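So the structure is just underneath, and the comments pick up after that.
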Amino acid sequence: MDVSSSSSLPFTVDINPRLNPDLVADSQILDCIPNGVFNRWMGDPPYNISTARDMYDTELPSPIKLLKAGARVCKVGSLMFLLLGPQNYQIHPKGVKRIGYIDISVIPNNEIRCLNIYLKYEDA
Numbered sequence: 007m008d009v010s011s012s013s014s015l016p017f018t019v020d021i022n023p024r025l026n027p028d029l030v031a032d033s034q035i036l037d038c039i040p041n042g043v044f045n046r047w048m049g050d051p052p053y054n055i056s057t058a059r060d061m062y063d064t065e066l067p068s069p070i071k072l073l074k075a076g077a078r079v080c081k082v083g084s085l086m087f088l089l090l091g092p093q094n095y096q097i098h099p100k101g102v103k104r105i106g107y108i109d110i111s112v113i114p115n116n117e118i119r120c121l122n123i124y125l126k127y128e129d130a
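Structure representation (structure tokens):
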């Protein structure tokens, strides 16, 4: 897959084709994207099982699988962001370390989202 044209614009991946992503795929795999092509990566999966099933007709994605796939397609030195529900996710794949964590309150229902920030420091 040629992702070089996406260098100045976000390159989007979603399992739901109705959202018109650049690539319709499971973000836990990303096998059609070459290694080390992106400077940044952000994952914003469904936050709970019911949202995954009702909105995306899929199972709840695994955060570690998302991070592994994201790390593979990122260059060394890339920042990676994983937005989760109320989950302080400290686990990370080899070559990646978590460098930050920000709680975000979503109005009007005051649900908490957690932005986990990682740095890819080496290829696994």
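Residue numbers for the sequence shown follow the working numbering, beginning at 7 and rising by one.
Glycine is no exception: its CB is placed at the ideal position from the N, C-alpha and C atoms.
The structure presented is a predicted model; accordingly, all values stated were derived computationally and were not measured.
What would DSSP say about Y124, mapped onto helix, strand or coil?
Here Y124 sits in strand by DSSP.
Among the residues of its own chain, which have a CB less than 6 Å from the CB of V30, if the five just before and after it don't count?
Beyond the five residues adjoining it in sequence on each side, V30 comes within less than 6 Å, by CB distance, of P23 in the same chain, given in chain order.
Does Y3 pass the burial test, meaning 16 or more other C-beta atoms within 10 Å, or should it be called exposed?
Shown here, the chain extends from 7 to 130; a query on residue 3 therefore has no answer.
Spatial distance of N26 from A130 (CA atoms):
Take the alpha-carbon of N26 and the one of A130: they are about 31 Å apart.
Looking only at DSSP bridge pairs, what is I110 linked to?
DSSP lists R119 as partners of I110.
According to DSSP, what are the bridge partners of R46?
Beta-bridge analysis with DSSP links R46 to L85.
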